[in-house]
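Protein chains in written order, with numbering that gives the first Met the number 0: chain A, 0 to 245; chain B, 0 to 392. Okay, structure first, notes after.
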Amino acid sequence: MKFLVCISKVPDTTSKIGFTDNNSKFNEAGVQFIVNPYDEWYALVRALELKEANGGSVTIITVGEQSDEPVMRKALAIGADEAVRINAKSDDSFFIAKQIAEYAKNNSFDVVLCGKETINFNSAQVPATIAELLDMPLVSLATKLDINGNTATLERDVQGGSEVVEVQTPFVLSAAKGMAEQRIPNMKGIMMARSKPLNVVEPVSVEAHTEILSYELPSGKTECKYVEADKMDELIELLHNEAKVI
Amino acid sequence: MAKTDLFEAPDYYNIDDLLTDEQKLVRDSARAWLKKEVSPIIEEYYEKAEFPKQIIKGLGEIGAFGPYIPEEYGGAGLDQISYGLLMQELERVDSGVRSTASVQSSLVMFPIWKYGSEEQKKKFLPKLATGEFMGCFGLTEPDHGSNPGGMTTNIKDKGDHYLLNGAKMWISNAPFADVAVVWAKNEEDRIKGVLVEKGMKGFTAPEMHGKWSLRASTTGELLFDNVKIPKENILPGRDGLGAPLSCLDSARYGISWGAIGAAMDCYDSALRYSKQRMQFDKPIAAFQLTQKKLAEMITEITKAQLLAWRLGSLKNEGRATTAQVSMAKRNNIEIAMNIAREARQIHGAMGITNEYPMMRHMMNLESVVTYEGTHDIHLLITGMDITDIPAFS
Chain A
0 MKFLVCISKV PDTTSKIGFT DNNSKFNEAG VQFIVNPYDE WYALVRALEL
50 KEANGGSVTI ITVGEQSDEP VMRKALAIGA DEAVRINAKS DDSFFIAKQI
100 AEYAKNNSFD VVLCGKETIN FNSAQVPATI AELLDMPLVS LATKLDINGN
150 TATLERDVQG GSEVVEVQTP FVLSAAKGMA EQRIPNMKGI MMARSKPLNV
200 VEPVSVEAHT EILSYELPSG KTECKYVEAD KMDELIELLH NEAKVI
Chain B
0 MAKTDLFEAP DYYNIDDLLT DEQKLVRDSA RAWLKKEVSP IIEEYYEKAE
50 FPKQIIKGLG EIGAFGPYIP EEYGGAGLDQ ISYGLLMQEL ERVDSGVRST
100 ASVQSSLVMF PIWKYGSEEQ KKKFLPKLAT GEFMGCFGLT EPDHGSNPGG
150 MTTNIKDKGD HYLLNGAKMW ISNAPFADVA VVWAKNEEDR IKGVLVEKGM
200 KGFTAPEMHG KWSLRASTTG ELLFDNVKIP KENILPGRDG LGAPLSCLDS
250 ARYGISWGAI GAAMDCYDSA LRYSKQRMQF DKPIAAFQLT QKKLAEMITE
300 ITKAQLLAWR LGSLKNEGRA TTAQVSMAKR NNIEIAMNIA REARQIHGAM
350 GITNEYPMMR HMMNLESVVT YEGTHDIHLL ITGMDITDIP AFS
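Quick look at the structure:
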């Protein structure tokens with residue numbers, strides 16, 4: 000079974016976030032980058048587990064520049080067999096999904112796995128767009144994945160419980176927390192990653208659908224006000240006139 | 000008590016930019032593994048004065064044992080900066096865990112790799128790299144610490160074998176070691192390296208108790224009473240005091256990185272605590288005296304990081320001198336000791352508890368400043384290097 004796992008480079012969660020160029024660009028100075036946790040911990044590791052159990056191959060794919068290669072190398076150290084970098088930089092979900100779909104179409108994978116979203120842009124559009132472009136079913140926010148022959152069984156969290164979905168390969172999924180446990184690369188994996196192929200592929204011509212105009216940081220935390228439990232009138236007055244939420 | 004390890008590594012001068020992607024991957028993987036597997040248990044093992052043997056396999060997997068040993072002998076073939084970074088991460092968690100790895104790497108695998116026969120390398124190195132074999136290093140004796148050349152442990156040639164007699168003291172890993180690299184004088188007064196294997200008749204390694212330092216690492220004696228040593232267990236590649244001293248150079252280099260780890264852990268804890276602890280209606284980080292402590296800590300950590308990185312680069316080029324290693328070991332441990340104490344102060348009374356790592360690091364560093372060349376001896380090595388006059392005798 001051939002797995003394609005989409006990997007994205009994101010800032011480490013402890014990074015200080017700032018912007019440059021009149022708040023139109025993310026300031027990468029001094030920022031540590033990691034593999035998007037939903038891609039790494041859940042999608043990649045589950046693909047590796049299934050490969051190890053049933054055979055096959057795991058390819059990771061990133062749409063990015065050379066500066067994305069360290070996180071790709073980490074994914075190889077965790078156990079992926081080969082890596083593909085589509086040589087382009089874009090923040091546009093359609094552009095990225097189109098590049099991945101083109102590669103997937105030409106290399107016929109059985110399952111395309113994505114994290115449910117990236118932790119920097121959180122648009123969660125790429126998995127669904129890939130599925131649409133490949134004309135494949137999408138199972139979103141999956142927390143469990145098992146494959147038997149050509150039939151995959153997935154679980155999804157739904158309001159108040161879970162839903163079990165069956166789908167035939169090939170298909171696309173977006174992985175949520177619970178699908179697998181984090182794997183930390185060991186030295187053997189790091190050594191093997193040195194010689195695993197990392198192929199650079201030029202992008203197909205696609206027009207981006209969106210353009211990011213500016214960023215802003217959320218406003219700082221405001222002071223917490225305590226209201227005595229028996230003073231409901233005061234609470235309502237504050238919610239109405241000060242917070243203006245009711 | 001198991002708790003989440005919140006450590007965030009300070010990198011004030013973007014020293015990460017000087018590291019290769021692989022060096023960072025090695026470090027970050029080790030950090031993640033240590034946070035998950037060792038941080039939650041270290042206080043408990045420190046308090047019961049026990050080395051957590053269950054982590055040996057994992058230590059082997061993250062490359063803590065002989066990372067710079069070539070791949071053909073089971074090592075990872077990494078460079079010296081990667082080795083340093085691994086020691087930093089290990090000591091960030093605990094100097095005792097780092098000591099176990101230092102001994103295995105620099106004092107056991109290094110001499111076998113550098114001075115061992117092909118058979119010795121093939122027999123021992125791959126198993127030492129995985130942790131299947133653990134090793135120890137016997138140089139220090141009860142009466143010969145800073146002056147190892149005065150050793151009395153000796154080997155006598157008996158034709159088809161040697162007989163080993165004597166005693167070694169303060170030996171990390173000794174009680175559970177499968178192989179001991181022991182330095183002993185022959186009849187011509189030349190120091191030879193001897194591979195003593197567990198189970199050899201007349202060889203015992205009793206554990207030493209009562210340490211207030213490096214409690215999560217096992218220390219013992221090595222006692223040799225007419226131990227019959229096969230001739231093929233002598234390291235053929237080099238003899239003389241220079242052989243064990245070259246091992247110490249490698250270990251001291253790792254320690255100069257390790258001490259930064261202990262310092263970073265104390266600083267990180269103090270910074271976090273000072274921003275949360277409220278007194279006089281503001282966080283104590285808002286007070287000038289706290290800021291002075293924190294600012295001086297990060298300044299010293301940054302200087303130590305640059306010193307270690309430069310020394311690592313020189314080692315990679317084969318140009319680092321013994322005296323340069325001494326300076327880095329001496330400086331980085333001193334700043335770590337000072338930072339541990341200042342960080343303890345910032346935590347107030349909470350700083351003396353096992354909720355925070357400073358007291359453990361502080362006590363550990365008392366060993367680190369003493370072993371592998373004492374603080375004073377390293378100063379005299381620098382003194383000798385710049386004046387050309389030895390002040391040892």
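For every residue, glycine included, the Cβ atom is placed at its ideal position computed from N, Cα and C.
- [ ] Look at the alpha carbon of B/Leu106 and the alpha carbon of B/Phe175, and state the distance between them as a whole number of angstroms.
- [x] Translated into the one-based positions of the second sequence, residue 106 of chain B becomes position 107. Translated into the one-based positions of the second sequence, residue 175 of chain B becomes position 176. Roughly 16 Å between the two C-alpha positions.
Open item on the list: Could you compute how far the alpha carbon of A/Asn121 sits from the alpha carbon of A/Asp90?
Closed with: Position 122 of the first sequence holds residue 121 of chain A. Position 91 of the first sequence holds residue 90 of chain A. C-alpha separation (whole angstroms): 11 Å.
Task: Near the ligand GTP: B/Gly209 beta-carbon under 7 Å from a heavy atom - done: In the structure on display, the ligand GTP does not appear, and there are no ligands present to speak of.
Task: Status (buried if at least 16 other CB within 10 Å, exposed otherwise) for B/Thr19 - done: Within the second sequence, the letter at position 20 stands for residue 19 of chain B. Under this definition B/Thr19 is an exposed residue.
Task: N- and C-terminal bounds of the alpha helix (DSSP H) containing B/Arg340 - done: Your numbering for residue 340 of chain B matches position 341 in the second sequence. Taken as a continuous stretch (DSSP letters only), the alpha helix (DSSP H) holding B/Arg340 covers 321-345.
Task: For A/Arg34, the nearest candidate out of A/Val70, A/Ala28, A/Ser23 (CA to CA) - done: In the first sequence, counting from the first residue as 1, residue 34 of chain A sits at position 35. A quick correction: the sequence has Val, not Arg, at residue 34 of chain A. Comparing Cα positions, the closest option is A/Val70.
Task: Interface partners of B/Asp20 on chain A, CB under 8 Å - done: By 1-based counting over the second sequence, the position of residue 20 of chain B is 21. What B/Asp20 touches in chain A: Glu68, Pro69, Arg72.
Task: 9 Å Cβ cut-off: residues of chain B touching A/Met190 - done: Here residue 190 of chain A is taken as the residue at index 191 of the first sequence, counted from 1. Ordered by position in chain B, the residues that pass the 9 Å Cβ test against A/Met190 are Gly62, Glu70, Ala75, Gly76, Leu77.
- [ ] Taking 8 Å as the cut-off, decide whether the C-beta atoms of B/Ala342 and B/Ala269 are in contact.
- [x] Within the second sequence, the letter at position 343 stands for residue 342 of chain B. Within the second sequence, the letter at position 270 stands for residue 269 of chain B. Result yes, Cβ atoms of B/Ala342 and B/Ala269 sit closer than 8 Å.
Open item on the list: Strictly below 8 Å CB to CB, what residues from chain A border B/Val37?
Closed with: Along the second sequence, read from residue 1 onward, the residue named residue 37 of chain B stands at position 38. Within 8 Å Cβ-Cβ: nothing; B/Val37 doesn't reach chain A, min ~12 Å.
TODO: Quick one: residues in its chain with C-beta nearer than 7 Å to the C-beta of B/Ile401, no 5 flanking neighbours on either side, listed in chain order?
DONE: For residue 401 of chain B there is no data in the structure shown, the boundaries of chain B being 0 and 392.
Task: B/Ala29 beta carbon less than 8 Å from that of B/Leu77 - done: One-based indexing of the second sequence puts residue 77 of chain B at position 78. One-based indexing of the second sequence puts residue 29 of chain B at position 30. Not a contact, by the Cβ cut-off of 8 Å.
- [ ] Return the residue from the list A/Tyr102, A/Ala52, A/Ile95 that minimises the CA-CA distance to A/Lys8.
- [x] Position 9 of the first sequence holds residue 8 of chain A. It is A/Ile95.
Open item on the list: On the DSSP bridge list, what partners appear for B/Gln287?
Closed with: Position 288 of the second sequence, counted from the start, is the residue given in the question as residue 287 of chain B. Per DSSP, none; premise fails for B/Gln287.
Open item on the list: Suppose contacts are defined by Cβ-Cβ distances below 8 Å. Is B/Gly115 in contact with B/Phe50 by that definition?
Closed with: Along the second sequence, read from residue 1 onward, the residue named residue 115 of chain B stands at position 116. Along the second sequence, read from residue 1 onward, the residue named residue 50 of chain B stands at position 51. No, they are not a contact pair.
Open item on the list: Is there a C-beta anywhere in chain B that falls below 8 Å from the one on A/Asn185?
Closed with: Residue 185 of chain A sits at position 186 when you count from the first residue of the first sequence. With 8 Å as the cut-off, A/Asn185 counts as an interface residue toward chain B.
TODO: Spell out a yes or no on whether the segment 125-139 of chain A and the segment 166-173 of chain A are touching, meaning 3 or more CB-CB pairs, one atom from each, closer than 8 Å.
DONE: yes
Open item on the list: Below 9 Å on C-beta distance, what does A/Thr12 contact in chain B?
Closed with: Translated into positions along the first sequence, residue 12 of chain A becomes position 13. Here the premise fails: no neighbours, minimum Cβ distance about 10 Å.
Open item on the list: To the nearest angstrom, how far is the alpha carbon of A/Phe18 from that of A/Ser218?
Closed with: Reading the first sequence from its first residue, position 19 is the one you call residue 18 of chain A. Reading the first sequence from its first residue, position 219 is the one you call residue 218 of chain A. Approximately 15 Å between the Cα atoms of the pair.
TODO: Taking the CB atoms as reference points, tell me whether A/Ala192 and A/Leu3 lie closer together than 8 Å.
DONE: Here the question's residue 192 of chain A lines up with position 193 in the first sequence. Here the question's residue 3 of chain A lines up with position 4 in the first sequence. Result no, Cβ atoms of A/Ala192 and A/Leu3 do not sit closer than 8 Å.
TODO: Note down, in chain order, each residue of its chain lying with its Cβ closer than 6 Å to the Cβ of B/Pro147, except the 5 sequence neighbours on either side.
DONE: To locate residue 147 of chain B, count along the second sequence from 1; it is residue 148. Excluding residues within five positions, the ones whose Cβ falls inside 6 Å are Leu138.
- [ ] Just confirm the distance between the C-beta atoms of B/Tyr266 and B/Ile334, as a whole number of angstroms; I'd bet it's less than 8 Å.
- [x] Locating residue 266 of chain B in the second sequence gives position 267, where the first residue counts as 1. Locating residue 334 of chain B in the second sequence gives position 335, where the first residue counts as 1. With a Cβ gap of about 10 Å, B/Tyr266 and B/Ile334 do not count as contacting.
- [ ] Count the other CB atoms, across all protein chains shown, that sit within 10 Å of the CB of B/Thr3; report buried if there are 16 or more and exposed otherwise.
- [x] On the second sequence, position 4 is the one that residue 3 of chain B refers to. That one is exposed.
TODO: Answer with yes or no whether the minimum CB distance from B/Trp32 to chain A is below 8 Å.
DONE: Taking the first residue of the second sequence as position 1, residue 32 of chain B is located at position 33. Chain A contact via Cβ: present.
Task: 7 Å CB neighbourhood of B/Leu127 in its chain, flanking five on each side removed - done: By 1-based counting over the second sequence, the position of residue 127 of chain B is 128. Cβ neighbours of B/Leu127 beyond the five flanking positions: Phe64, Gly65, Gln103, Val107, Met108, Gly134.
TODO: Note down, in chain order, each residue of its chain lying with its Cβ closer than 6 Å to the Cβ of B/Pro141, except the 5 sequence neighbours on either side.
DONE: Taking the second sequence and counting its residues from 1, one reaches residue 141 of chain B at position 142. Same-chain partners within the cutoff: Met168.
- [ ] Spell out whether any CB of chain A is found under 8 Å from the CB atom of B/Leu24.
- [x] For the purposes of this step, residue 24 of chain B is taken as residue 25 along the second sequence, with counting starting at 1. Among the CB atoms of chain A, one or more fall inside 8 Å of the CB of B/Leu24.
TODO: May I ask you to report which of helix, strand or coil DSSP gives B/Leu162?
DONE: As a working note, residue 162 of chain B is residue 163 in the second sequence. In the structure shown, B/Leu162 sits in a strand (DSSP, three-state: E or B).
Open item on the list: Residues of the segment 76-107 of chain A in Cβ contact with chain B at a cutoff of 9 Å, in chain order, please.
Closed with: Ala76
- [ ] Specify the secondary structure class of B/Gln275 as computed by DSSP and reduced to three states.
- [x] Within the second sequence, the letter at position 276 stands for residue 275 of chain B. Helix.
TODO: Please look up how many angstroms separate the CB atoms of B/Met263 and B/Pro9, rounded, as I've assumed it's under 8 Å.
DONE: As a position in the second sequence, residue 263 of chain B is number 264, starting the count at 1. As a position in the second sequence, residue 9 of chain B is number 10, starting the count at 1. Between B/Pro9 and B/Met263 the Cβ distance is about 6 Å, and since that is below 8 Å, they are a contact.
Open item on the list: Using only the alpha-carbon positions, how far apart do A/Gly78 and B/Arg237 sit?
Closed with: Numbered from its first residue, the first sequence carries residue 78 of chain A at position 79. Numbered from its first residue, the second sequence carries residue 237 of chain B at position 238. Approximately 41 Å between the Cα atoms of the pair.
- [ ] Report the three-state DSSP secondary structure of B/Trp211 (helix, strand or coil).
- [x] On the second sequence, residue 211 of chain B is found 212 positions in, with the first residue counted as 1. In this structure, B/Trp211 counts as coil in the three-state DSSP scheme.
TODO: Taking only beta-carbon positions, decide if B/Glu354 is within less than 8 Å of chain A.
DONE: Along the second sequence, one-based indexing puts residue 354 of chain B at 355. Not closer than 8 Å to any Cβ of chain A, the Cβ of B/Glu354 fails to qualify, so no.
Task: For B/Phe282, three-class secondary structure by DSSP - done: Reading the second sequence from its first residue, position 283 is the one you call residue 282 of chain B. Note that residue 282 of chain B is Pro in the sequence shown here, rather than Phe. In the structure shown, the three-state DSSP call for B/Pro282 is strand.
- [ ] Kindly indicate if chain A contains any beta-carbon less than 8 Å away from that of B/Ser268.
- [x] Here the question's residue 268 of chain B lines up with position 269 in the second sequence. Not closer than 8 Å to any Cβ of chain A, the Cβ of B/Ser268 fails to qualify, so no.
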